[in-house]
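S.K.: Pasting a structure here, questions to come.
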Amino acid sequence: NSIIGDEYRWPKTIPYYMEDDLEINAKGVILKAFEQYRLKTCIDFKPWSGEANYISIFKGGGCFSSVGNRRVGKQSLSIGSNCDRIATIEHEFLHALGFWHEQSRADRDDYVNIMWDRISEGKEHNFNTYNDNTSSSLGVPYDYGSMMHYSKNAFRNGTEPTIVTKIPAFSDVIGQRMEFSDSDLLKLHRLYNCTQGSTFLDSCDFERENICGMIQGQGDKADWVRVAKADGGPNTDYSNMGKCTGSGYFMHFSTGTANTGDTALLESRLLYPKRGYQCLQFFYYNSAGPSDSLKIHVREYDNANPNGKLRFIKTIDGSPQDLWQLHHVSLDVKKKFRVVFQGTKEGSGTFAGGQSLDDINLSETTCPEFIWRVKNFSHVMENTPTNTSIFSPPFTSKEGYTFQMELYPSGKAGSPGELSAYAHLVAREGDTGQIWPCPWKQITMMLMDQHPHIQKRMSNQRSVTTDPNMKATDSDRFFWDDPRKVGVEVTHTDGSKYFRGPGSGTAVYLTHLRAKSRDFIKGGDAIFLLTMEDVSHLTVTQPLPSTTQQPVTTAVTTTVTTAPINLCLSVQCLNNGVCMVDEGKAACRCVVGDDWWYYGDSCQYKGSIMDKTTLALASSLSVLGVMLLVTAVSVICLKKKYKKHANNSSVVMENISA
Amino acid sequence: TTNVLDYDVDSGRDLDIFDINEEAGLNLVEGDIVLDERQTR
């Protein structure tokens, strides 16, 4: 529920400053959290460039934030040890954006029972509610699935839950720390008048007859057809897996009935990119002939090509399989465009099947690098003993480091009923070109929520970063050193040998209960999306705002001075004051409240209305005292003057009289 | 098999935000909310 009052709102683009004390892994995950905000909401983030109010993210003693924009200049938000999970970071930023916890909304007693006698002594205040004059639930029903909801055991004094949901099925749903729920997003959209995610472009599951505005391309000899099943496969779509009668559609190009050389073009609606890079994701079922091809193009529009110009991107190499395969294609489009799927019957043989597409998503984000699909995952979870792991294939990043994911489908000792996940570096005999210990690579392990719509997914992800200085426990060896030095030799399923370094990860990656929820397992399979990204740039201090002003123009990019000097580097503002450059001089802008303020060159003094009243009273009394003094002196002087005057007059009178 | 060399970033415990803050000795409003001077008063 949100704090009522427009003064608590941030602008839609929030300035942030990452303090130096943050862990590098945390910095990387914070950037990933920002990407989720950009994909799913209209909230964006930008490095602080001198705005009056900004969020300073630092490594405090825990994970905490204020609620709403407090308009104090530098507003702190802590991402401390163990807070470097994407959902935790999104949670703290939802506070900063103006949200309290879900169970503190005014109507919560209609939905949960608070077990007051099970709460630790002195912690009862954590279960207060806000009335609807202070908070608004924005017309959204109570959300057990909110990432802002406490878990059932919050602040308990024993072993019994402190929150009992009135609908028992939600008992273990509350307290999810995976991703934004639909209601979290709806509330955020309403609070900030969002219309769409800033990096989202399109999504289509082909459930509606309008096929999301996609069109059949011109000049082709065959068509893609919207069907619920196809000869030669698949028998169901991927969105619903055929679970719902009367729904479950996908697009199919029947190569079996086409002539050799026939092509079928399926083109998306017109799209308008902002960032210049995109990720196209889709599920592809290939039951066509082995030589038939699926190619991805973009049709780009500009003044020279008002009807669009086709540009080839890549050929999809999904060999025929009885399976919906997940594919990612990175695009780099900077002008108005369409995505084009081109199916071609290349071979001359007769095959009954064809090419099928479903659950297409296009966003201005980077694509995950690697896919690890674990088939019959429910069976694997139920039948793998605790403390037993399976490994993904080794994947090599674009920088030449190889890694693999280790998964304990039934958890490790002490964590039964969990999925446990670890990342390992890998090296083969003869590998060259890497720097050891491996410096600052962030490995992300994401269990994909296979919901058809990318904005509604609640995927579970954890990241670990290779700190080249980290020592192995009870050893002088570097943890992320060359696996040939610190690892063990293992044999791959194909008989080849390689070395595997120690793993870093978590025994509590995801509970089985949550893994069985949503679309984490679809068609029996789980899909892990893995990436290894260089985060060495995050070891550098975020630049402070420059003293020079950028000219307000998009055409010219020169700056006023060529060598900006940060005058604020030598100025320290106390009490959360913010240094700003005003007319070429550094000056502190001090924090101000309703009835108090800081002042002084470095905001070292504090004033308040009470001080001001005292000052006014003292001044008045002083003035009164001075006035009384002046009056008394005046009276005495006048008295003396007239007395003297009177004395002089009498003498004269005497003389006159004489 | 269990890899004894594994490093657990969570020390094997599934800590929620509120547990992390409690262990850190913080006693914040609703576990993770900081109030400013005006709200505190």
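Chains W and S, in that order, are what the protein sequence lines are.
Quick note on our numbering: the first sequence kicks off at 8 and runs consecutively.
Quick note on our numbering: the second sequence kicks off at -5 and runs consecutively.
C-beta atoms are modelled at their ideal positions from N, C-alpha and C, and glycine is treated no differently.
If the cut is a Cβ gap below 7 Å, which residues of chain S does residue 70 of chain W touch?
M.R.: Within 7 Å Cβ-Cβ: 11, 14, 15, 26.
S.K.: To the nearest angstrom, report how far apart residue 570 of chain W and residue 553 of chain W are at their CA atoms.
M.R.: Here the model assigns residue 570 of chain W a pLDDT of 29, short of 50, so the residue's position is not dependable, and the following value carries that caveat. If you take the alpha carbons of residue 570 of chain W and residue 553 of chain W, they lie about 10 Å apart.
S.K.: Taking 8 Å as the threshold (C-beta atoms), are residue 58 of chain W and residue 125 of chain W in contact?
M.R.: No, the Cβ-Cβ distance between residue 125 of chain W and residue 58 of chain W is not below 8 Å.
S.K.: Just checking: is the beta-carbon of residue 166 of chain W within a distance shorter than 8 Å of some beta-carbon in chain S?
M.R.: For residue 166 of chain W, the answer is no, since every Cβ of chain S falls outside 8 Å of its Cβ.
S.K.: Name the DSSP beta bridge partners of residue 251 of chain W, please?
M.R.: Paired residue(s): none; residue 251 of chain W is not in a bridge.
S.K.: Considering only residues of the same chain and omitting the five flanking positions on each side of residue 564 of chain W, which have a CB-CB separation below 8 Å?
M.R.: Caution is warranted here: a pLDDT of 29 is assigned to residue 564 of chain W, below 50, making its placement in the model unreliable, and no coordinate value can be reported.
S.K.: Is it buried or exposed, residue 37 of chain W, if we count other Cβ atoms within 10 angstroms and call 16 or more buried?
M.R.: So residue 37 of chain W ends up on the buried side.
S.K.: So is residue 176 of chain W buried or exposed if we call it buried at 16+ other beta carbons inside 10 Å?
M.R.: Per the 10 Å Cβ criterion, exposed.
S.K.: Quick one: Cα of residue 345 of chain W to Cα of residue 542 of chain W, how far?
M.R.: Near 33 Å, if we compare the C-alpha coordinates of residue 542 of chain W and residue 345 of chain W.
S.K.: On the CB-based measure, 16 or more other CB atoms within 10 Å of its CB, does residue 47 of chain W come out buried or exposed?
M.R.: Buried.
S.K.: Return the residues of the segment 432 to 456 of chain W that lie within a Cβ-Cβ distance of less than 9 Å from chain S, sorted by chain order.
M.R.: Flagged: no residues at all.
S.K.: Would you decide whether residue 3 of chain S is buried or exposed? Buried here means 16 or more other CB atoms lie within 10 Å of its CB.
M.R.: Counting Cβ neighbours within 10 Å, residue 3 of chain S comes out buried, since at least 16 surround it.
S.K.: Starting from the beta carbon of residue 392 of chain W, find every residue of chain B whose beta carbon is closer than 8 Å, and list them in chain order.
M.R.: You won't find chain B in this structure, because its protein chains are W and S.
S.K.: At the 8 Å Cβ level, is residue 486 of chain W part of the contact set with chain S, yes or no?
M.R.: With 8 Å as the cut-off, residue 486 of chain W counts as an interface residue toward chain S.
S.K.: Buried or exposed: where does residue 311 of chain W fall if 16 or more other Cβ atoms within 10 Å of its Cβ makes it buried?
M.R.: Exposed: under 16 other Cβ atoms inside 10 Å.
S.K.: Grab me the residues of residue 308 of chain W's own chain with a C-beta within less than 7 Å of its C-beta, minus the 5 sequence neighbours each way, in chain order.
M.R.: 315, 342, 343, 344.
S.K.: According to DSSP, is residue 295 of chain W part of a helix, a strand, or is it coil?
M.R.: If DSSP states are grouped into helix, strand and coil, residue 295 of chain W belongs with coil.
S.K.: Closer than 7 Å: is that where the CB of residue 431 of chain W sits relative to any heavy atom of the ligand ZN?
M.R.: The ligand ZN is absent from the structure shown, which contains no ligand whatsoever.
S.K.: Counting contacts by CB-CB distance shorter than 8 Å, is residue 569 of chain W in contact with chain S?
M.R.: Residue confidence is low: residue 569 of chain W scores 27 on pLDDT, short of 50, so the model does not pin down where it sits. Its coordinate-derived value is still stated next. Taking Cβ atoms only, chain S never reaches closer than 8 Å to residue 569 of chain W, which makes this a no.
S.K.: In chain S, which residues lie less than 8 Å from residue 5 of chain W when you measure between Cβ atoms?
M.R.: Limits of chain W in this structure are 8 at one end and 665 at the other, which puts residue 5 of chain W out of reach.
S.K.: Using DSSP with H/G/I as helix, E/B as strand and the rest coil, what is residue 123 of chain W?
M.R.: Residue 123 of chain W falls in the helix class under three-state DSSP.
S.K.: By the DSSP assignment, the alpha helix (DSSP H) with residue 345 of chain W in it spans what residues?
M.R.: Not the alpha helix (DSSP H): residue 345 of chain W falls in the beta strand (DSSP E), residues 344 to 351.
S.K.: Which two residues bound the contiguous alpha helix (DSSP H) that contains residue 667 of chain W?
M.R.: The structure shown does not extend to residue 667 of chain W, since chain W is modelled only from 8 through 665, so no value can be given for it.
S.K.: Taking DSSP's pairing of strands, which residues face residue 529 of chain W in a bridge?
M.R.: DSSP, once it has assigned bridges, lists W/532 as partnering residue 529 of chain W.
S.K.: Considering only their Cβ atoms, is the gap separating residue 517 of chain W from residue 425 of chain W smaller than 8 Å?
M.R.: It is a contact, given that the beta carbons lie within the stated cut-off.
S.K.: Which of the three DSSP states is assigned to residue 403 of chain W in this structure?
M.R.: Residue state, collapsed to three classes: strand.
S.K.: With 7 Å as the limit, tell me which residues of the segment 54 to 82 of chain W have their beta carbon closer than that to any beta carbon of chain S; keep them in chain order.
M.R.: Residues 68, 69, 70, 71, 72, 73, 74, 77, 79.
S.K.: Identify each residue in the segment 93 to 124 of chain W for which the Cβ-Cβ distance to at least one residue of chain S is less than 8 Å, and report them in chain order.
M.R.: So the close ones are 95, 98, 99, 102, 107, 108, 111.
S.K.: Please report the distance separating the alpha-carbon of residue 147 of chain W from that of residue 224 of chain W.
M.R.: For residue 147 of chain W and residue 224 of chain W, the distance between alpha carbons rounds to 42 Å.
S.K.: Any C-beta of chain S within less than 9 Å: which residues of the segment 149 to 181 of chain W qualify?
M.R.: Within the segment 149 to 181 of chain W, the qualifying residues are 157, 158, 160, 161, 162.
S.K.: Quick check on the DSSP output: the alpha helix (DSSP H) that includes residue 366 of chain W runs from which residue to which?
M.R.: It is not in any alpha helix (DSSP H) - residue 366 of chain W instead sits in the beta strand (DSSP E) that spans 362 to 370.
S.K.: Taking just the CA atoms, how far does residue 8 of chain S sit from residue 433 of chain W?
M.R.: Cα-Cα distance, rounded: 28 Å.
S.K.: By the DSSP assignment, the alpha helix (DSSP H) with residue 43 of chain W in it spans what residues?
M.R.: Per DSSP, residue 43 of chain W belongs to the alpha helix (DSSP H) from 31 to 47.
S.K.: Is it buried or exposed for residue 123 of chain W, if we count other Cβ within 10 angstroms and need 16 for buried?
M.R.: When all chains shown are included, residue 123 of chain W counts as exposed.
S.K.: Is it right to say residue 328 of chain W is buried, meaning 16 or more other beta carbons lie within 10 angstroms of its own, or is it exposed?
M.R.: So residue 328 of chain W counts as exposed.
S.K.: Going by the CB atoms, is the gap between residue 11 of chain S and residue 70 of chain W shorter than 8 Å?
M.R.: Yes; because the gap between Cβ atoms is below 8 Å, this pair is in contact.
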